[in-house]
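Chemist:
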Amino acid sequence: MGQAMRKVETNQTTSFRKFGMKDKIGYMFGDWGNDFFFILVASFLMVFYTDIYHLNPATVGGLFLVARLWDAVADVSWGRFIDTRKAGINGKFKPWILRMSFPLVIVGVLMFVHIPGMSNGFYLAYAYVTYILWGTLYSTVNIPYGSMASVITGDPVERTTLSSWRAMGGNLAGLIINVVGPMILFVNNKADANHFLLGAIIFAVLALACYIACYKLSIERIMMDETTKPKMNFGVTMKGLVKNRPLIWFLIASLLFMVCFMLIGTVNVYLFKDYFGEAKALSMVGLIQSVAVFIGMPMVKPLVAKFGKKEVASGGLLLATLVYALLYLLPNLTATQFIGVLSIAMFGYGIFNLVIWAFVTDVIDYHEYLTGLREDGTVYSIYSMARKIGQAVAGGLGGAVIAAVGYNATLQHQTSGTLQGIHTLATLVPAITLAIVFLIIVFCYPLNKKRTAQLTVDLAEKRKGRH
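Following my numbering, the residues of the sequence shown are numbered contiguously, the last one being 471.
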């Protein structure tokens, strides 16, 4: 395998252009396309189901839980499938992004179709079918996209750069959806069925354009020589995964962070729509969240080079934890004041999000170090599965807690107890969850700056030894 990988790396100057800006922009477009629908769904599908389909929030939470648990299975199955495929002339991963993006965006639009006058049972069944099908198709695009980072470049610093550009792609989608979305989706502070469908169609077209750009601009450079590639062995793979301590702790931290991040997205809609009575203020939240990440982007590479990924990520988490705790203690802020303080927290977890994808390439390298097998798709799909489980928990939990605090879509104004409950869900719960993630990264995740650098050296030696 070492011979195969070195052969590609030494010949890439003649076979491929060098890693550069086109790759960064292309990779950015991939997550931009992903997040047009992922963020739309994460932020607004719950309110579409509760306020337009008039489904009970707890019932919607049950749907999200079931669908995301299924998605977790789909992720691993698809990742394993991808790893058994041979690379074609355009690489191993990116052809799947192009093939599967068309059915993905079509089903995405169908999710937001509202047929008036149907029964609750019809709406629930329609929601189950379209949402689960969309989630399955999302796996077929997202797994090859996430796996692709480790074959675009083998350089750890360049991979960190790719992670930052990926985060920027998601951030640009978030900027458009969270800023423009509320202006399109809500009419007079109410969710509007026709406007939701219009928004879905607009974002579907933009997503498709982004996927095509990702396919055109990025290059897979690290390709295995299939004649020397070790045969895949599920037993060896599983032993490696179990022994991969960085992967295990990273999965736990990622799962908890995803629960928190998704819960914030769900609860914020009700916080601003009902607690503050300003649904359109969500646009300002989306704008500032994106600006915070844009400010953080140029800081990440020099900070990681100086302090390390683990160290920078944990610093961002600590900052966000402290700010959310402060917001809980200040219940009488206006919407504008709340957003002003919240912007500091968004900068903190934005830094964590900018670095997180580079963690994945490190744990893929560690898997190769342990097993001798380069299984990008399998390892990435395990990580993606953890995120999906986090989304499942957050989806189920989001619906359950919104129902538990007494939210009733038929009321013109929610009760004071419900409003206080929504405020607690939007502040104290994120503070506690982010604190736990911070502690896991600091005390349990072992790949600090020194050990990551040593891993690169050790892996290069192992590849030489297999030559």
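Cβ atoms here follow ideal geometry from the backbone N, Cα and C, with glycine treated the same way.
#1: Can you tell me whether V383 is buried or exposed, with buried defined as 16 or more other CB within 10 angstroms of its CB?
#2: Which parts of the segment 150-230 are runs of the alpha helix (DSSP H), unbroken and 4 residues or longer, counting only runs that do not cross its ends?
#3: Are Q395 and R170 touching if we call contact CB-CB under 7 Å?
#4: Reducing DSSP to helix, strand and coil, say where K312 ends up.
#5: State the beta-bridge partners of I92 as determined by DSSP.
#6: Within the chosen definition, does the segment 274-283 reach the segment 423-438 through at least 3 CB pairs nearer than 8 Å?
#7: Taking its Cβ as the centre, do 16 or more other Cβ atoms sit within 10 Å of F48, making it buried, or is it exposed?
#8: CB-CB under 8 Å to E13, same chain, minus the five flanking residues each way: which ones, in chain order?
#9: Under the three-state reduction of DSSP, which class applies to L59: helix, strand or coil?
#10: State buried or exposed for F363, treating a residue as buried only when at least 16 other CB atoms are found within 10 Å of its CB.
#11: Can you check which of these residues, D369, P335 and L323, is closest to A349 by C-alpha distance?
#12: What do you get for N175, buried or exposed, if any count of 16 or more other CB atoms within 10 angstroms of its CB means buried?
#13: With distances taken from CA atoms, which of L377, V441, S318 and N124 is nearest I355?
#14: Please go through the segment 328-393 and give each complete alpha helix (DSSP H) segment of 4 or more residues, from N-terminal end onward.
#15: Quick one, which of V70, P434 and P302 has its alpha-carbon nearest N272's?
#16: Taking just the CA atoms, how far does Q418 sit from A407?
#17: Given that a residue counts as buried once 16 or more other Cβ atoms are within 10 Å of its Cβ, and exposed if not, what is Q473?
#18: Expressed to the nearest angstrom, what Euclidean distance is found between the alpha-carbon atoms of G173 and Y219?
#19: With 7 Å set as the bound, which would you pick, yes or no: does the beta-carbon of T140 sit closer than that to a beta-carbon of chain B?
#20: Leaving out five residues before and five after F298 in sequence, what residues of the same chain have Cβ atoms less than 8 Å from its Cβ?
#21: Alpha carbon to alpha carbon, how far is I86 from P148? Give it in angstroms, no decimals.
#22: Below 7 Å CB to CB, which residues in the same chain sit around N15 once its five sequence neighbours on both sides are set aside?
#23: On the CB-based measure, 16 or more other CB atoms within 10 Å of its CB, does G421 come out buried or exposed?
#24: Report all residues from its chain with a CB closer than 7 Å to the CB of L67; omit the five preceding and five following residues, and keep chain order.
#25: Could you say which of K22, S105, T88 and D79 lies nearest to D39 if we only look at CA atoms?
#26: Are the Cβ atoms of L307 and F442 separated by less than 7 Å?
#27: How far does the alpha helix (DSSP H) with R249 in it extend, from its first residue to its last?
#28: Among N94, F265, K466 and G178, whose alpha-carbon lies nearest the alpha-carbon of K392?
#29: Roughly how many whole angstroms lie between the Cα atoms of P186 and L291?
#30: Return helix, strand or coil for Q418, following the three-state DSSP convention.
#31: Excluding sequence positions up to five away, which residues of its chain have a Cβ less than 8 Å from the Cβ of V113?
#32: Which value, in whole angstroms, describes the spacing of the CA atoms of G30 and G24?
#33: Quick one, are the C-beta atoms of D35 and G139 less than 7 Å apart?
#34: For E465, does the three-state DSSP call read helix, strand or coil?
Modeler: Quick answer:
#1: Here residue 383 refers to the residue found at position 379 when the sequence shown is read from its first residue. Label assigned to V383: buried.
#2: Runs of the alpha helix (DSSP H) lying entirely within the segment 150-230, each at least 4 residues long, are 160-189 and 197-221 in chain order.
#3: If you number the sequence shown from 1, residue 395 lands on position 391. If you number the sequence shown from 1, residue 170 lands on position 166. With respect to the 7 Å criterion, Q395 and R170 are not classified as neighbours on the basis of their beta carbons.
#4: In the sequence shown, residue 312 corresponds to position 308, counting from 1. Checking the sequence shown, residue 312 turns out to be Gly, not Lys. In the structure shown, G312 sits in coil (DSSP, three-state: anything other than H, G, I, E or B).
#5: Taking the sequence shown and counting its residues from 1, one reaches residue 92 at position 88. According to the sequence as given, residue 92 is Gly; it is not Ile. Within the DSSP bridge table, the entry for G92 names G95 as partners.
#6: Yes, since at least three Cβ pairs between the segment 274-283 and the segment 423-438 fall closer than 8 Å, the two stretches touch.
#7: The count along the sequence shown starts at 1 and reaches residue 48 at position 44. Taking all protein chains shown into account, F48 has 16 or more neighbouring C-beta atoms within 10 Å of its C-beta and is therefore buried.
#8: As a working note, residue 13 is residue 9 in the sequence shown. Because the pLDDT of E13 is 40, which lies under 50, any placement of that residue in the model is unreliable, and the number read from its coordinates should be weighed accordingly. Closer than 8 Å at Cβ, skipping near neighbours: G158, R225 and I226.
#9: Stepping through the sequence shown from its first residue, residue 59 is reached at position 55. L59: coil per DSSP, three-state reduction.
#10: In the sequence shown, counting from the first residue as 1, residue 363 sits at position 359. Looking at its Cβ environment, which holds 16 or more other Cβ atoms inside 10 Å, F363 is buried.
#11: The residue given as residue 349 occupies position 345 in the sequence shown. Checking every option, the nearest Cα to that of A349 belongs to L323.
#12: Along the sequence shown, read from residue 1 onward, the residue named residue 175 stands at position 171. Burial call: buried.
#13: Residue 355 sits at position 351 when you count from the first residue of the sequence shown. In terms of Cα proximity to I355, the closest of L377, V441, S318 and N124 is S318.
#14: As for any alpha helix (DSSP H) of minimum length 4 sitting wholly inside the segment 328-393, the runs are 339-375, ordered along the chain.
#15: Indexing the sequence shown from 1 puts residue 272 at position 268. Out of V70, P434 and P302, P434 has the C-alpha closest to the C-alpha of N272.
#16: Within the sequence shown, residue 407 is the residue found at index 403, counting from 1. Within the sequence shown, residue 418 is the residue found at index 414, counting from 1. If you draw a straight line from the Cα of A407 to the Cα of Q418, it comes to about 12 Å.
#17: A query on residue 473 cannot be resolved here, the shown segment of the chain reaching from 5 to 471 and no further.
#18: Numbered from 1 along the sequence shown, position 169 holds the residue referred to as residue 173. Numbered from 1 along the sequence shown, position 215 holds the residue referred to as residue 219. Taking the straight line joining both Cα atoms gives about 14 Å.
#19: In the structure shown, chain B does not exist; there is a single protein chain.
#20: In the sequence shown, the residue the question calls residue 298 occupies position 294. Close CB contacts of F298 within its chain, under the 8 Å cut and outside five residues either way in sequence, are with M172 and N175 (chain order).
#21: As a working mapping, residue 148 is identified with position 144 in the sequence shown. As a working mapping, residue 86 is identified with position 82 in the sequence shown. About 7 Å.
#22: In the sequence shown, counting from the first residue as 1, residue 15 sits at position 11. Note that N15 scores 36 on pLDDT, short of 50, meaning its location in the model is unreliable; the coordinates nonetheless yield the value given after this. Same-chain partners within the cutoff: there are none.
#23: As a working mapping, residue 421 is identified with position 417 in the sequence shown. By the neighbour-count rule (16 or more Cβ atoms within 10 Å), G421 is not buried but exposed.
#24: Position 63 of the sequence shown holds residue 67. Within its own chain, the residues whose Cβ lies closer than 7 Å to the Cβ of L67, once the five positions on either side in sequence are excluded, are A131, Y132 and Y135, listed in chain order.
#25: Counted from its first residue, the sequence shown places residue 39 at position 35. In terms of CA proximity to D39, S105 leads the group K22, S105, T88 and D79.
#26: For the purposes of this step, residue 307 is taken as residue 303 along the sequence shown, with counting starting at 1. For the purposes of this step, residue 442 is taken as residue 438 along the sequence shown, with counting starting at 1. Contact flag unset, no.
#27: The sequence position of residue 249 within the sequence shown is 245, counting from 1. That run of the alpha helix (DSSP H) goes R249 to Y274.
#28: On the sequence shown, position 388 is the one that residue 392 refers to. Shortest Cα-Cα distance from K392 to any of N94, F265, K466 and G178 involves F265.
#29: Residue numbering aside, residue 186 sits at position 182 when the sequence shown is read from its first letter. Residue numbering aside, residue 291 sits at position 287 when the sequence shown is read from its first letter. Between P186 and L291, the C-alpha separation is close to 12 Å.
#30: Counting from one through the sequence shown, the residue named residue 418 turns up at place 414. Three-state result, Q418: coil.
#31: Working through the sequence shown from its first residue, we reach residue 113 at position 109. L201, A204, I205 and A208, listed in sequence order.
#32: Sequence index remark: in the sequence shown, residue 30 carries index 26 (1-based). Sequence index remark: in the sequence shown, residue 24 carries index 20 (1-based). C-alpha separation (whole angstroms): 10 Å.
#33: By one-based count along the sequence shown, residue 35 stands at place 31. By one-based count along the sequence shown, residue 139 stands at place 135. No. Outside cutoff.
#34: Counting from 1 along the sequence shown, the entry for residue 465 is found at position 461. In this structure, E465 counts as helix in the three-state DSSP scheme.
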